[in-house]
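In this text, residue positions in the sequence shown follow the numbering used here: the first is 51, and each later residue adds one.
Worksheet: the structure to be examined is printed underneath.
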Amino acid sequence: MDKIAPQAKHALSLRLSLSILAFTVIIFMIPIGIIFARTRHFVRQAATEQATQTLNNTAQGIMGLMGQVEVATDNSDWLVLRKLQPDSIMSFSRWILALNPDLDGCSISFEPNYFPDQGKYFSVYSSNENGHIETEQEGSSEYDYFMMTWSQEPIRRGKACWVDPFHDYTPGTSYDMMIASYCKPLIDTNGRTIGVISTDLSQRRLSQILLKENR
């Protein structure tokens, strides 16, 4: 019996030590688990709030840019209608972009044969490439702008509107970015639709501005 007693005591001591260790681990794991759960909740909440704020900032930025495009167009059509001359129209197209550097392009197009001396097509397009504005006359059988959505849709609706983003094409150029256009019919004093004025905002320009605002 004397030989067995030390072994029994050792086994009992080992079991007791293991029990105390297990209890201690449990005691420590409970607050650690609580802390982990609460930390995860706070991190998730903070991430959600940050994402929501970023989304709100982005939405506000987009709405602000769209508003800028609309104002630029709505405040310019009267000037075009006031002086319906080819040379003046080319100047107006450039002037609109010079006053609104965030815009990519401005097109002022007229119905077939509106200016007989210019032939069937007369459309002026100005583009803004990093602050450099170029203006050209466009329209031909190869580029029949009368068939373009940005030309047809505002005339069909009889009012200003945004058209679905599209890949524009002008002979001799290549566009790898989508363009969103705000288009407004040009209506003369007799109530006759004579053309369309549209301003463009490209996907590239929109991305650059939004990235700058969300830094």
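The beta carbon of each residue, even a glycine, is placed where N, CA and C say it ideally should be.
- Ranked by how close their Cα comes to the Cα of ASP127, the residues GLN110, GLY111, CYS156 have CYS156 in first place.
- Between the alpha carbons of VAL130 and PHE142 lies a gap of roughly 7 Å.
- Counting only unbroken stretches of 4 or more residues, the alpha helix (DSSP H) elements lying wholly within the region 124-210 are 127-132, 136-149, 199-207, in sequence order.
- Here SER231 is not near TYR195, since their CB atoms are 8 Å or more apart.
- Judged by their CB atoms, PHE160 and ILE244 are nearer to each other than the 8 Å cut-off.
- For GLY241, the secondary structure class from DSSP, reduced to helix, strand or coil, is coil.
- Scanning ASN178, ILE183, SER201 for the CA closest to the CA of GLY189 turns up SER201.
- Here the C-alpha atom of GLU203 lies approximately 26 Å from the C-alpha atom of PRO151.
- Ranking PRO215, SER252, ALA210, LEU256 by CA distance to the CA of VAL246 puts ALA210 first.
- One alpha carbon belongs to VAL119, the other to PRO215, and they sit about 14 Å apart.
- For LYS234 against ASP124, the beta-carbon gap comes to about 7 Å, under 8 Å, which counts as contact.
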